[in-house]
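Just so you know, the sequence shown maps onto residues 681 to 848 in this note's numbering. Quick reminder that beta carbons are idealized off the backbone N, C-alpha and C, glycines included.
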Amino acid sequence: MVGTIRTWRLSDAADLAAALNNPNILKNLRDGLPYPYTLADAENYIRAMLGAEPGSQYAFTVDVNGKAVGSIAVFRQANIHFRTAELGYYIAEPYWGQGIGTKAVQQTCNYVFENSDILRIFAEPFAYNTASCRILQKAGFTLEGILRKNAIKNGEVLDMKLYSLIRE
Ligand SMILES: CC(C)(COP(=O)(O)OP(=O)(O)OC[C@H]1O[C@@H](n2cnc3c(N)ncnc32)[C@H](O)[C@@H]1OP(=O)(O)O)[C@@H](O)C(=O)NCCC(=O)NCCS
């Protein structure tokens, strides 16, 4: 199955809330998302993405047959890193393992390199997150190193991996 990235619509909020109300997703993300994640939380996120300053971020849902099955975004960094951007993503669990995440990463990076001045896109999955590391590899990212003991998530000290994709 292949998804296609597209701009968020407010009507995607129920799909977004359903996807994010899942500890198997949240445990792989940074802290700060509410749990349970309500319809209002989803609507607020979508409004924020639609209202963001142009060029500051590139946020998409991943659409499969009209359903929003995931979220992917590239966030421009500040100061001397203004041509660097961080990539984040998740796919709703029922859709895992079908190549949707890989395609979404490829489509998003292509879009950003074609439509912005960003030179470098990086991602920092937890080192144990084999699926996320694998999709970055499949999308052509380079592993630049291990960020040792770089995070505390759910009370555990975790290594992260630093991957990047450079504009050719
Ligand atoms: C990471 C995530 C986005 C992957 O999405 P997906 O659509 O399932 O990814 P794909 O199907 O494109 O590819 C997954 C790859 O990982 C592999 N994989 C998955 N789980 C694995 C595991 N436990 N061990 C080894 N490989 C694994 C799959 O076999 C596949 O590789 P292959 O094509 O070489 O066989 C999804 O699992 C997710 O949303 N996880 C929770 C949130 C998250 O981790 N976000 C990223 C934060 S950095």
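Notebook entry, point to check: If you scan the stretch 801-844 from start to end, which runs of the alpha helix (DSSP H) of 4 or more residues do you find wholly inside it?
Noted result: Counting whole runs of 4 or more residues, the stretch 801-844 contains the alpha helix (DSSP H) stretches 810-818.
Checklist line | K818 Cβ short of 7 angstroms to ligand 1 heavy atom set | finding: For ligand 1, at least one heavy atom lies less than 7 angstroms from the Cβ of K818.
Next item on the list: For G731, verify whether its CB is less than 7 angstroms away from any heavy atom of ligand 3.
Entry: Ligand 3 is absent from the structure shown, which contains only ligand 1.
Next item on the list: May I ask you to report which of helix, strand or coil DSSP gives D692?
Entry: DSSP places D692 in helix when its eight states are reduced to three.
Next item on the list: With a threshold of 16 other CB atoms inside 10 Å of the CB of Y808, please say whether the residue is buried or exposed.
Entry: Classification for Y808: exposed.
Check: Cα-Cα, which of E836, R763 and A739 is closest to Q787?
Finding: A check of alpha carbon separations from Q787 across E836, R763 and A739 identifies A739 as the nearest.
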